[in-house]
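There are 2 protein chains.
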Amino acid sequence: MTLGAKVADTIDRDSYIPAYVQLADILRQQIAAGVFKPGDQLPSEAQLCRRYNVSPMTVRRVINMLVDEGVVVAIQGRGTFVKPIELGTAFFSLQDFQNLFTNQEESRVKLLETRILTADQRTAQKLAVEPGRRVVFIRRLIFQTGQPVLYHKEYLVYDPYRPLIEAEMEVTSLYGLFSGKGTNLKWGELSIEATVLTEEEAELLKSSAGTAAFRLEHIFYDFEDHPVSWGWFICPSNRLRFRTTVGVRGKERTG
Amino acid sequence: MTLGAKVADTIDRDSYIPAYVQLADILRQQIAAGVFKPGDQLPSEAQLCRRYNVSPMTVRRVINMLVDEGVVVAIQGRGTFVKPIELGTAFFSLQDFQNLFTNQEESRVKLLETRILTADQRTAQKLAVEPGRRVVFIRRLIFQTGQPVLYHKEYLVYDPYRPLIEAEMEVTSLYGLFSGKGTNLKWGELSIEATVLTEEEAELLKSSAGTAAFRLEHIFYDFEDHPVSWGWFICPSNRLRFRTTVGVRGKERTG
DNA sequence: TAGTGGTCTAGACCACTTA
DNA sequence: AAGTGGTCTAGACCACTAG
């Protein structure tokens with residue numbers, strides 16, 4: 274029942290593909306083909322060195338890659354073993370999400386509102402300022418190929434001495450918010466919830482209230498670890514789906 | 274405004290912490306502190322070798338780690354540069370999700386129904402069998418500390434020659450489905466949507482219809498790349514939230 | 001004690017970029 | 001041509017596990 278495998282089992286030293294990539298592919302394919310099943314022990318590093326004529330460092334690098342990928346687990350003194358697939362090792366990328374507003378040709382950001390108001394209890398807590406402090410409030414609508422796909426609300430700390438905010442208010446493209454224009458943001462916390470559209474959201478997104486949607490909340494911090502931005506994106510579920518695979522599948526990582 | 278930093282800037286060779294971890298921490302902290310800001314070029318590998326008295330391979334390993342983490346980008350012939358934070362580089366782990374039913378002490382799985390039926394059009398397509406083929410249908414409810422948190426529906430290909438299924442039907446703990454008991458599953462495709470609870474789901478989950486929920490769909494394949502399981506989990510949003518961080522934050526990875 | 005993985009060295013050669 | 005990262009060698013020593 275095994276499919277005919279055109280799998281190389283030696284390292285081609287003349288190939289432009291690095292040896293460590295070739296070896297990683299070989300091992301991954303063997304695992305995928307069932308040569309090594311979950312729980313099985315891989316050949317020792319010394320054996321792999323001899324079998325494929327590579328140095329210990331190269332084998333080590335390959336093993337490290339597979340460990341990082343969650344394909345195998347290496348235990349000192351015992352050996353390297355194939356990991357069974359676990360849901361918990363799966364992860365979902367936000368790349369598809371970011372693409373919603375960084376496809377420069379097809380994406381457009383419309384600034385709905387921007388004004389200064391005083392922070393209420395919740396906003397003040399999120400931004401770590403005193404309630405009543407002035408904050409900048411921004412609402413944006415993101416279009417993809419003419420259709421509204423994302424609704425964004427954001428609160429920014431207002432500090433006359435901090436030029437960031439003034440520049441921020443001019444930003445009509447969210448791309449600049451994250452992707453390096455401002456070197457002000459150091460890190461952020463993100464969370465995803467499921468929610469249903471409110472009347473306001475539904476109207477803007479040309480959907481109907483009660484429709485299922487993702488809510489992606491964010492807090493961004495500056496280099497002094499002070500929050501500078503709190504907000505969230507609303508995206509109807511039918512316009513975004515997170516996909517991934519688990520187990521031995523998928524191509525090479527950056528290494 | 275910079276906080277007093279108790280950051281080491283040399284490698285302690287007597288420490289039990291590996292040199293490559295120490296160096297990675299040093300660079301990460303310098304980036305986090307703003308010594309190197311997004312877009313800045315890091316010292317060359319040769320400079321790092323001299324500065325910290327480590328071999329080129331060790332420096333290379335550190336750079337590779339930071340590249341994998343998405344903290345820096347290395348460009349051949351030009352240098353290594355600090356990456357601005359990008360939403361697209363963030364990823365969400367399913368670990369919290371798996372914990373919902375693998376905390377053995379607090380989790381309980383109740384088998385609601387298990388029966389054999391014939392595949393309808395959609396099921397047949399997902400499982401890559403002919404419509405009308407017999408499949409196993411299973412419904413489960415997962416409790417956490419006595420409260421229902423997950424509702425699971427699953428279709429399995431029915432094959433008398435394949436012992437997996439028979440064993441599967443006995444499984445009351447989903448843990449065995451994924452975590453290695455059966456070495457039958459090779460890989461799976463997962464996707465997450467936002468949805469709202471149906472009447473049936475709401476009743477079982479002791480919630481109300483129309484409540485926001487996550488829907489995690491899965492297809493698992495065997496070593497011949499044939500689908501063996503298609504199904505989905507329903508989890509009310511108030512019982513699960515996906516969190517992550519983006520940018521320079523977070524501890525060491527397995528390396 | 002033998003075998004395993006974990007770390008590290010001190011280079012080498014290559015490909016690429018910039019000037 | 002000079003400088004950068006990308007790959008790789010041929011070992012070394014260590015920590016850990018098992019019989």
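Chains as they are written, first to last, in this note's numbering: chain A, 274 to 528; chain B, 274 to 528. Don't be surprised by glycine CBs; every beta carbon is placed ideally from N, CA and C.
- A direct Cα-to-Cα measurement between Gln302(B) and Leu296(B) gives close to 10 Å.
- Beta-bridge analysis with DSSP links Pro509(A) to Ala486(A).
- Taking 8 Å as the cut-off, the Cβ atoms of Leu400(A) and Ala363(B) do not count as close.
- In this structure, Cys508(A) lies away from Phe493(A), with their beta-carbon atoms at least 8 Å apart.
- At a C-beta separation below 8 Å, Trp460(A) has these neighbours in chain B: Ala305, Ile358, Thr518, Val519, Gly520, Val521, Arg522.
- Per the DSSP secondary-structure output, Glu427(A) pairs in a beta bridge with Ile411(A), Gly504(A).
- Thr396(B) and Val408(B) do touch by the CB rule: their CB atoms are close to 6 Å apart, below 8 Å.
- Sixteen is the threshold: when 16 or more other Cβ atoms of the shown chains lie within 10 Å of the Cβ of Lys459(A), as they do, the residue is buried.
- The residue among Glu474(B), Ile284(B), Asp498(B) with its C-alpha nearest the C-alpha of Val422(B) is Glu474(B).
- The beta carbon of Leu385(B) sits closer than 7 Å to those of Arg412, Arg413, Leu414, all from its chain and outside the five residues before and after it, given in chain order.
- Chain-ordered, the chain A residues with CB closer than 7 Å to the CB of Phe515(B) read Ser464, Ile465.
- For Ile389(B), there is no enclosing alpha helix (DSSP H); the residue is part of the beta strand (DSSP E) that begins and ends at 380-391.
- At least one CB atom of chain B sits nearer than 8 Å to the CB of Gly483(A).
- Neighbourhood of Gln371(A) in chain B, by CB distance below 8 Å: Glu359, Leu360, Gly361, in chain order.
- Around the C-beta of Lys479(A), fewer than 16 other C-beta atoms lie within 10 Å, and the residue is accordingly described as exposed.
- Contacts with chain B at 8 Å (Cβ-Cβ) include Leu367(A).
- Of Ile290(A), Gln320(A), Leu315(A), the smallest CA-CA separation from Ala347(A) is found for Leu315(A).
- Around Ser510(A), the beta-carbon contacts reaching into chain B at under 7 Å are Glu466, Ala467, Thr468.
- If you draw a 10 Å sphere on the C-beta of Glu472(B), you find fewer than 16 other C-beta atoms in it, and that means exposed.
- For Phe374(B), the uninterrupted alpha helix (DSSP H) segment begins and ends at 368-375.
- Per DSSP, Thr518(B) is one residue of the beta strand (DSSP E) stretching across 515-520.
- Under the DSSP assignment, Thr353(B) falls in the beta strand (DSSP E) whose first and last residues are 352-355.
- Look at Ala292(A): its C-beta is not under 8 Å from any C-beta on chain B.
- DSSP places Ile299(B) in the uninterrupted alpha helix (DSSP H) bounded by 292-306.
- Beyond the five residues adjoining it in sequence on each side, Gly483(B) comes within less than 7 Å, by CB distance, of Val469, Leu470 in the same chain, given in chain order.
- In this structure, the beta-carbon distance from Phe370(A) to Leu513(A) falls below 8 Å.
- Chain-order list of chain B residues neighbouring Phe416(A): empty, with the shortest C-beta distance near 18 Å, by a criterion of under 9 Å.
- Pairing Gly419(B) with Thr517(B), the inter-Cα distance amounts to about 28 Å.
- Residue contact check for Phe309(B) against chain A: no CB pair falls below 8 Å.
- Beta-bridge partners of Gly461(A) (DSSP): Phe493(A), Val519(B).
- Contact check for Phe365(B) and Phe515(B): beta-carbon distance about 4 Å, within the 8 Å limit, so the pair qualifies.
- In this structure, DSSP gives Gln398(A) a helical state, which the three-state scheme calls helix.
- Here the C-alpha atom of Gly461(B) lies approximately 25 Å from the C-alpha atom of Ala485(B).
- Residues of chain A with a Cβ closer than 9 Å to the Cβ of Ala486(B) are, in chain order, Ala467, Ala485.
- The residue among Gly350(B), Val294(B), Gln320(B) with its C-alpha nearest the C-alpha of Arg334(B) is Val294(B).
- Close to Phe364(B), with beta-carbon spacing below 8 Å, are these residues of chain A in chain order: Phe364, Phe365, Ser366, Leu367.
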